[in-house]
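Peer 1: Residue numbers (the UniProt record's numbering): 472 to 760. Glycine is no exception: its CB is placed at the ideal position from the N, C-alpha and C atoms. Here the structure is a predicted model, which is why all the values come from computation and not from measurement. One structure is given below, represented as structure tokens, and several questions about it will come after.
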Ligand code: ADP
Ligand code: MG
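Structure, rendered in structure tokens:
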């Protein structure tokens, strides 16, 4: 290995918005055959917006108002979408806010216990979606993220948000396939939603309803099966999975923790950057040999 070509490679990488930790990371990345990506923010814009509101037994305004009051306490990307989509609804105060990781949010509003989240959250609260189940599933089949809202243990509506696929994603996936990479999606979102998005994009394998620890476990399983795995992710939650991979790729505005556990850091968080990094890694390795 000539240190000179690696230096040149590293320099060219930086110009292309790819920060490379060391020569080993670049070398390992040239040999990777499996790329795990997050759905939200990597394949999609990461800026979801509210698309559907279905009220059942309460008014649409009340449904929006409850959802907004809950999400004012949340830092989840879904919260932003719901808040900006419900600005016209009456304002209510929530107290005793609680975020339930991977499931949703719960709080008290005007003496009622209000919950907003996925099927797992409803199950935990003993709230039966009944006739609304089909509506939720239909929204998920369109690739939307749909949430139930329950009031005192009764499901009274659905809110759905959609996140646009990045314009660059489809071409980048095709090109990564031509590079010989298998592309695996890992997401906390529902199986139906994840599969709808994956189908549109020709993703090879889908793992949905995955927790952050689940992502790290998935990396381990794939590596044990003989795959050479790169894991792309953002945020603090993904740090364990990035650290477990042969190459961790911190995407875009990633948290400092994520960057520390990454071999590659992409200034702009989309798949085009990963493609560029892969081609660079191969070019550098060719010069070395
Ligand atoms: P991801 O990071 O992939 O979006 P999460 O594990 O954060 O996945 O969330 C999984 C699911 O839990 C979401 O798709 C949603 O249904 C529910 N959920 C989590 N946080 C919230 C929230 N603040 N409001 C509503 N639903 C939520
Ligand atoms: Mg998350």
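Quick check: what's the CA-CA separation for residue 708 versus residue 683?
Peer 2: By 1-based counting over the chain shown, the position of residue 708 is 237. By 1-based counting over the chain shown, the position of residue 683 is 212. When rounded, the distance between both Cα atoms is 6 Å.
Peer 1: For the ligand ADP, is there a heavy atom less than 7 Å away from the beta-carbon of residue 595?
Peer 2: Counting from 1 along the chain shown, the entry for residue 595 is found at position 124. No, the Cβ of residue 595 stays beyond 7 Å of every heavy atom of the ligand ADP.
Peer 1: In terms of alpha-carbon separation, which member of 648, 600, 519, 613 lies closest to residue 554?
Peer 2: Within the chain shown, residue 554 is the residue found at index 83, counting from 1. Per the Cα distances, 519.
Peer 1: Pick from 598, 742, 571: whose alpha carbon is nearest that of residue 656?
Peer 2: Against the chain shown, residue 656 aligns to sequence position 185. Here the closest residue by C-alpha is 742.
Peer 1: In chain order, what residues of the same chain have a beta carbon less than 8 Å from the beta carbon of residue 633, not counting five sequence neighbours either side?
Peer 2: Mapped onto the chain shown, residue 633 falls at position 162. Result list for residue 633: 519, 520, 522, 613, 614, 615, 616, in chain order.
Peer 1: State the DSSP-derived secondary structure class of residue 648, mapped to helix, strand or coil.
Peer 2: As a first step, residue 648 must be located in the chain shown, where it is residue number 177. Residue 648 falls in the helix class under three-state DSSP.
Peer 1: Would you identify the three-state DSSP class for residue 512, choosing helix, strand or coil?
Peer 2: Sequence index remark: in the chain shown, residue 512 carries index 41 (1-based). Correct three-state label for residue 512: helix.
Peer 1: Shortest alpha-carbon distance to residue 654 belongs to which of 544, 538, 746?
Peer 2: Taking the first residue of the chain shown as 1, we reach residue 654 at position 183. The candidate whose alpha carbon is nearest that of residue 654 is 746.
Peer 1: Indicate the three-state DSSP secondary structure (helix, strand or coil) for residue 493 in the structure shown.
Peer 2: Taking the chain shown and counting its residues from 1, the one referred to as residue 493 is at position 22. Reduced to three states, the DSSP call for residue 493 is coil.
Peer 1: Quick check on residue 590: does DSSP put it in helix, strand or coil?
Peer 2: On the chain shown, residue 590 is found 119 positions in, with the first residue counted as 1. Looking at residue 590 - three-state DSSP - the assignment turns out to be helix.
Peer 1: Return the first residue and the last residue of the beta strand (DSSP E) that residue 525 is part of.
Peer 2: Locating residue 525 in the chain shown gives position 54, where the first residue counts as 1. Start and end: 520-526.
Peer 1: In angstroms with no decimal places, state the Cα-to-Cα distance between residue 667 and residue 702.
Peer 2: Sequence index remark: in the chain shown, residue 667 carries index 196 (1-based). Sequence index remark: in the chain shown, residue 702 carries index 231 (1-based). If you take the alpha carbons of residue 667 and residue 702, they lie about 22 Å apart.
Peer 1: So what's residue 614 in DSSP terms, helix, strand or just coil?
Peer 2: Locating residue 614 in the chain shown gives position 143, counting from the first residue. Residue 614: coil per DSSP, three-state reduction.
Peer 1: Which residues does DSSP pair with residue 566 in a beta bridge?
Peer 2: Position 95 of the chain shown, counting from 1, holds the residue named residue 566. Per DSSP, 579.
Peer 1: What does a CB cutoff of less than 8 Å around residue 472 pick up in its chain, not counting 5 residues either side in sequence?
Peer 2: For this step, residue 472 is matched to residue 1 along the chain shown. Per-residue confidence for residue 472 stands at a pLDDT of 49, beneath the threshold of 50, marking its modelled position as unreliable; the derived number appears in the next sentence. Here the set comprises 494, 498, 759.
Peer 1: Say the cut is 7 Å; is the CB of residue 562 nearer than that to a heavy atom of the ligand ADP?
Peer 2: For the purposes of this step, residue 562 is taken as residue 91 along the chain shown, with counting starting at 1. Checking the Cβ of residue 562 against the ligand ADP gives no.
Peer 1: To the nearest angstrom, how far is it from the Cα of residue 752 to the Cα of residue 719?
Peer 2: The sequence position of residue 752 within the chain shown is 281, counting from 1. The sequence position of residue 719 within the chain shown is 248, counting from 1. Cα to Cα, the separation comes out at about 14 Å.
Peer 1: If you reduce the DSSP assignment to three classes, tell me which class residue 635 lands in.
Peer 2: Against the chain shown, residue 635 aligns to sequence position 164. Residue 635: coil per DSSP, three-state reduction.
Peer 1: Can you give me the Cβ contacts of residue 506 inside the same chain, cut-off strictly under 6 Å, excluding the 5 residues immediately before and after it?
Peer 2: Here residue 506 corresponds to residue number 35 of the chain shown, with the count starting at 1. Cβ within range, chain order: 652, 654, 701.
Peer 1: Closer than 7 Å: is that where the CB of residue 574 sits relative to any heavy atom of the ligand ADP?
Peer 2: Against the chain shown, residue 574 aligns to sequence position 103. Residue 574 Cβ: within cutoff of the ligand ADP.
Peer 1: Per the DSSP calculation, residue 699 is bridged to which residue(s)?
Peer 2: By 1-based counting over the chain shown, the position of residue 699 is 228. According to DSSP, residue 699 bridges with nothing at all.
Peer 1: Measuring straight from C-alpha to C-alpha, what distance separates residue 570 and residue 508?
Peer 2: Position 99 of the chain shown, counted from the first residue, corresponds to residue 570. Position 37 of the chain shown, counted from the first residue, corresponds to residue 508. Cα-Cα distance, rounded: 25 Å.
Peer 1: Around the Cβ of residue 611, are there at least 16 other Cβ atoms within 10 angstroms (buried) or fewer (exposed)?
Peer 2: For the purposes of this step, residue 611 is identified with residue 140 of the chain shown, where counting begins at 1. Result: buried.
Peer 1: Since residue 536 and residue 560 are thought to touch, with beta carbons under 8 Å apart, how far apart are those beta carbons, to the nearest angstrom?
Peer 2: By 1-based counting over the chain shown, the position of residue 536 is 65. By 1-based counting over the chain shown, the position of residue 560 is 89. So it is a contact: roughly 4 Å between Cβ atoms.
Peer 1: Could you give the residue range of the alpha helix (DSSP H) that holds residue 556?
Peer 2: Residue numbering aside, residue 556 sits at position 85 when the chain shown is read from its first letter. Run containing residue 556: 548-556, per the alpha helix (DSSP H) assignment.
Peer 1: Using CA coordinates, which residue listed in 511, 603, 622 is at the minimum distance from residue 565?
Peer 2: For the purposes of this step, residue 565 is taken as the residue at position 94 of the chain shown. Comparing Cα positions, the closest option is 622.
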